[in-house]
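Residue numbers in the sequence shown follow the working numbering, run continuously in steps of one, and reach 511 at the last position.
Beta carbons are placed, not taken as given, at the ideal position from N, Cα and C, and that holds for glycine.
Just below is one structure, and these are the notes that go with it.
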Amino acid sequence: MARILLSILLIVKLTSLLSQDIPVTVRLFSQQKVSRVTLTVQHESLDLVCDSLPAVTLLPGDAAEVNATPQGISIWHKGKSLKCRRQLLVVARREHSTYKIQVYGNKPTQRLYEGDLEITASEGLLRLVNVLNLERYVGGVIEAEAGSEHTLEYYKVQAVISRTYALNNLRRHATEGHSLCDGTHCQVYHGMPRHTDLAEAAAWMTRDVVVVDPSIRLISAVFHSNCGGQTVNAEAVWSKPEGYLVSCTDSFCVAMPNARWEKCIPKTYWEDYLDTHTTLCTDSAGIRQMMRIDSVRAVPLVPLRQDLKLKSTAFEVRVEGEQVKLMGRGFGHGVGLCQEGAINMARQGYRYNEIIHHYYKDVHLVPRTMLWFFEE
Ligand SMILES: [Zn+2]
Ligand SMILES: [Zn+2]
């Protein structure tokens with residue numbers, strides 16, 4: 136009897152957890168200095184709430200210009216001006232109210248968003264924070280991170296790892312008052328997908344699924360463009376090993392565009408670089424990738440890759456007259472999921488879960504609600 140009761144309680148608790156949507160807060164245009172934006176309603180309507188007081192409702196086609204001023208925020212709408220001292224809240228009236236945000240300045244950009252928008256101003260600049268459902272955010276990240284010409288199965292891979300990353304990093308910008316930024320520092324998010332319907336479909340079809348390690352902890356779902364045929368251990372790039380980020384052979388990416396690269400540099404430059412960057416081989420050789428110069432001396436490869444702007448740390452060196460030709464494999468740090476390999480696996484008919492298991496060792500795909508269940 137007690138066991139039946141416990142089972143019922145478990146089911147009730149799981150069901151209540153399953154129905155929870157997670158809102159995420161994402162700082163928009165985080166790489167730009169924004170002092171003026173125009174909001175234009177595309178679908179449904181938006182309420183503008185100024186310092187907690189309802190001010191204006193914008194209907195489809197309506198536009199409002201928002202400026203940072205020394206006193207706070209000014210809004211122009213249909214020839215009238217409105218001022219907010221502390222905050223302008225843009226509230227989406229319906230779940231799928233959508234609006235365009237146009238920013239000006241060095242890189243004028245227009246993107247499509249949904250969810251609410253919190254706008255504050257300081258020192259003449261606007262801070263825009265989008266508040267939206269996790270799954271809608273994931274749909275946007277998929278297109279921004281992966282582009283628009285892939286298979287549905289590959290987008291599912293991207294959906295699961297983007298969701299896992301987001302949940303693992305909800306506090307990354309906590310001191311600034313939001314969860315994530317919209318740049319490469321976190322995950323690229325340029326609003327709603329505009330070039331493929333498959334991104335949103337993939338988020339929906341994998342909704343709630345995340346990747347966890349054997350201790351049911353969200354993994355650090357790192358990925359790179361192309362591993363060149365062999366992924367690398369986490370400790371080869373970062374100092375810490377990780378059980379699920381271990382090297383695997385990858386035959387799926389070797390014929391893909393970023394599998395090979397070449398770079399020619401002047402021989403004198405190369406020799407000068409080696410002269411000034413060679414260090415004694417110590418224990419660090421086991422931790423960080425090194426290029427051996429002789430039996431006791433080597434050059435660390437990770438900084439070399441950055442300094443010489445190489446696509447990867449896997450390369451051979453050939454001297455050709457006054458030039459040195461570096462012939463390399465792969466693109467990126469090489470740890471975790473190889474995107475081009477995953478793209479090819481998806482094309483060949485592998486399922487998204489098989490692809491994830493190929494690149495992350497001994498992980499599980501579980502509903503995110505299971506994490507909280509174990510935490511509580
Ligand atoms: Zn960030
Ligand atoms: Zn690969």
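query: Within the region 453-502, ranges of the alpha helix (DSSP H) (whole runs, at least 4 residues); result: 474-482, 487-494
query: For ligand 1, residues whose Cβ lies under 6 Å from any non-hydrogen atom; result: 307, 308, 315, 316, 320, 321
query: Ligand 2 heavy atom lying under 8 Å from the CB of residue 364; result: yes
query: Other residues of its chain near residue 269: CB distance less than 8 Å, five sequence neighbours each side excluded; result: 156, 157, 158, 159, 298, 301, 302
query: Continuous alpha helix (DSSP H) assignments of at least 4 residues falling wholly in the region 303-365; result: 333-340
query: Beta-bridge partners of residue 213, as assigned by DSSP; result: In the DSSP output, where bridge partners are listed per residue, residue 213 has none listed.
query: Residues near residue 176 by beta carbon distance below 6 Å, same chain, minus five either side; result: 193, 195, 197, 234
query: Simplified DSSP assignment, three categories, for residue 402; result: helix
query: Presumed contact (8 Å Cβ cut-off) between residue 433 and residue 292, rounded CB distance; result: About 36 Å; that fails the 8 Å criterion.
query: Terminal residues of the alpha helix (DSSP H) in which residue 273 lies; result: 269-281
query: For residue 442, the first and last residue of its enclosing alpha helix (DSSP H); result: 436-442
query: beta-carbon residue 429 near ligand 2 non-hydrogen atom, thresh 8 Å; result: no
query: Check: residue 552 C-beta below 8 Å from any heavy atom of ligand 2; result: Residue numbering for the chain in the displayed model covers 136 to 511; residue 552 lies beyond these limits and cannot be assessed.
query: Exposure of residue 404, with buried meaning 16 or more beta-carbon neighbours within 10 Å; result: exposed
query: Other residues of its chain near residue 171: CB distance less than 6 Å, five sequence neighbours each side excluded; result: 202, 239
query: Residue 300, DSSP secondary structure in three states; result: helix
query: Rounded distance between the beta-carbons of residue 227 and residue 181, thought under 8 Å; result: 6 Å
query: Option in 261, 465, 408, 280 with minimal Cα separation from residue 396; result: 465
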